[in-house]
Structure formats: C-alpha cells, structure tokens
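Numbering (this note's numbering), first residue to last: 6 to 262. Quick notes on the structure that follows.
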Amino acid sequence: MMDNRPIGIVDSGIGGLTVARVLHETYPEEGIVFLGDTKRNPYGERSRDDIVRFSFAIKDFLKEHQVKMILIACNTISFNVPPAFFEEDIPVIKMSMEVKLPEDAKRFAVFATPATIATHAHKAYFQKKYPQLDFVEVPCDGLAAAIERNADENTLSALVKQAAEEYHALDADTAIWSCTHYPLIADVFRKVLPKVRFLDPALPTVETGMDILRANDALAGAMQEKTFYFTEGLENSAPLVKKLFGGVKVEKGSLEL
Ligand code: DGL
Numbered sequence: 006m007m008d009n010r011p012i013g014i015v016d017s018g019i020g021g022l023t024v025a026r027v028l029h030e031t032y033p034e035e036g037i038v039f040l041g042d043t044k045r046n047p048y049g050e051r052s053r054d055d056i057v058r059f060s061f062a063i064k065d066f067l068k069e070h071q072v073k074m075i076l077i078a079c080n081t082i083s084f085n086v087p088p089a090f091f092e093e094d095i096p097v098i099k100m101s102m103e104v105k106l107p108e109d110a111k112r113f114a115v116f117a118t119p120a121t122i123a124t125h126a127h128k129a130y131f132q133k134k135y136p137q138l139d140f141v142e143v144p145c146d147g148l149a150a151a152i153e154r155n156a157d158e159n160t161l162s163a164l165v166k167q168a169a170e171e172y173h174a175l176d177a178d179t180a181i182w183s184c185t186h187y188p189l190i191a192d193v194f195r196k197v198l199p200k201v202r203f204l205d206p207a208l209p210t211v212e213t214g215m216d217i218l219r220a221n222d223a224l225a226g227a228m229q230e231k232t233f234y235f236t237e238g239l240e241n242s243a244p245l246v247k248k249l250f251g252g253v254k255v256e257k258g259s260l261e262l
C-alpha cells in the first residue's frame, strides 16, 4: 500500500520552509502543500487567541487540499494550540524538541519567539531531561518579522545580539533554534555567537511524522507535486522557494477567518 496524497506543512510565513526543505531532502518523492500565512506574520508576537484562531483556519485550508498528514512547521503554533488541535483522523505533528545535545553541553539556550517562550514548554522538557544543564530562555523580539521582510545582516545581527545579551546567552555553549525562521539566518547566529553549537529540530520533526506514515504503509509511491501558498507578499517568498526547491508551484493562498 502507498498513499500519494501530499503532506501539509504550516507556518506563519517563510520559516516553515526550513522544515519543508528537510522533508524534500530526505523524502524527495513526497508531495507537499505548504501554507505560509505571511499576511498575519509574526504569530510570535500575537495573543494566544489569535494564534489559535489562525491555526485552525490553516488546518482547514490544508485538509481541503486532501493532505495525509500535517507537519506544524512553527513552534509558536505547536506550543500554543490546545490539545484538541491535534485530534484529527490524520497525524498532526508538532515541532520536535528531540535534538541530540553534545555530551559536554553545560549552558543551553532556547532561542524562540516571545509567544513560544511564554509557554515554557522547552524549559519544562529540557530541565526534566537534562537536570544538570544550566538553561536559558531567549525570546527574540522582532527577529522572525525581520527575517520575513528580508532585513539586512546588520539589523539581524543586532537583534540576535541584543536578545542574547539581555537573556544571558552570550556564554551558552549549545542552543536550539525553536523558531523555524531562525535556521534561515544560521550564518548570522554563528557570527554573533561563534562558540555556540546550534541544533535544529527540523529533522526529528520530519522523522516523527514519516515514522507514522511508514508504519501505516502511507509513503508516496512515485514523485508527487509540491505547491507553496503564501497569503501575501510573494516577492520575498517565491525566490526563496525557487532557491530551495527548484521549479515548484508558488501561489497566493487565502485564509477564511
Ligand atoms: N516560524 C514560527 C516559529 O517557529 C514563528 C514566527 C512568527 O513569529 O510568526 O515559531
């Protein structure tokens, strides 16, 4: 048995492309329907009510496109929606936290949006799993929005530096990017914090979902189409999609709220 229906991927914008990219690299034949809600970005600086309302609308959009699974390629959505959001007849997979920490990790930082940090989901997970770790939470105000509008390197560096300073992450040795926008500016993070080893949860997220499809005999049997919808501003998103995925479809999507 196989299932040639596409995999739905959601984000508030272009950040989710870092998860879609990993899916594309590891399972190139899988179809993708991606929706980035660029019109309402950044989610990470909105109220939980807004985030929840927008997230259900995105899920409906993807279900209408007959997806076989949804990857929530957005930490802000993953950790702010209620448990009912995940109750579907298809798997709905949230962003993973299952990154492998280097054995000598001592001071560990979570870089994420203010709305993700406000849930303290990562703090609860990492402090339980690694009680000996020195742990810092770093909400990065304005960073996802700056990445979304293609801000220049100086602006991005200043935002990363300011957050790292303010939340005492300058002397961290290891960190996780718990906002899917951040790996898009991996070089900026590495320049500002050259001693930090950065971990990206995209691969464990994709693997969690694909393990379920594999167990259900629901992998694609042949090369499927990939379509990327954005609710606004194709000028930034379309070139990035082309760069990462080649000649796939990029379209304007609309969300009924
Ligand atoms: N990419 C999203 C995340 O992983 C959020 C960016 C935003 O603030 O909209 O948290």
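Note that CB positions come from ideal geometry on N, CA and C, so glycine has one too.
- Selection 145, 234, 178 evaluated against residue 164 yields 145 as nearest (Cα-Cα).
- Within the model, the alpha-carbon separation for residue 195 versus residue 182 is close to 12 Å.
- In this structure, residue 20 places its C-beta atom within 8 Å of the C-beta atom of residue 186.
- For residue 234, the Cβ stays outside the 7 Å cut-off from all heavy atoms of the ligand DGL.
- Shown here for residue 228: same chain residues with a beta carbon closer than 6 Å to its own, the five before and five after excluded, namely 34 in chain order.
- No heavy atom of the ligand DGL is found nearer than 7 Å to the CB of residue 146.
- Using a 10 angstroms sphere on the CB of residue 94, the tally of other CB atoms stays under 16, which defines it as exposed.
- Its Cα nearest to that of residue 102, the residue 180 stands out among 180, 143, 189.
- DSSP places residue 43 in no beta strand (DSSP E); its state is neither H nor E.
- Only buried fits residue 18, as 16 or more other CB atoms lie within 10 angstroms of its CB.
- Pairing residue 210 with residue 24 gives a Cβ-Cβ distance under 8 Å.
- Beta-bridge partners assigned by DSSP to residue 234: 40, 256.
- Restricting attention to 234, 254, 162, the CA atom closest to the CA of residue 43 is found in 234.
- With a cut-off of 7 Å, the C-beta of residue 186 is classified as near the ligand DGL, since at least one heavy atom of the ligand falls inside that distance.
- In the structure shown, residue 13 falls within a strand segment according to DSSP collapsed to helix, strand and coil.
- At a cut-off of 7 Å, the beta-carbon of residue 60 does not count as near the ligand DGL: no heavy atom of the ligand is closer than that.
- In the DSSP annotation of this structure, the continuous segment of the beta strand (DSSP E) that includes residue 74 starts and ends at 74-77.
- As summarised for the region 202-230, the continuous beta strand (DSSP E) elements at least 3 residues long and confined to that stretch are 202-204, given in chain order.
- For the 8 Å CB-CB criterion, residue 169 and residue 208 do not form a contact.
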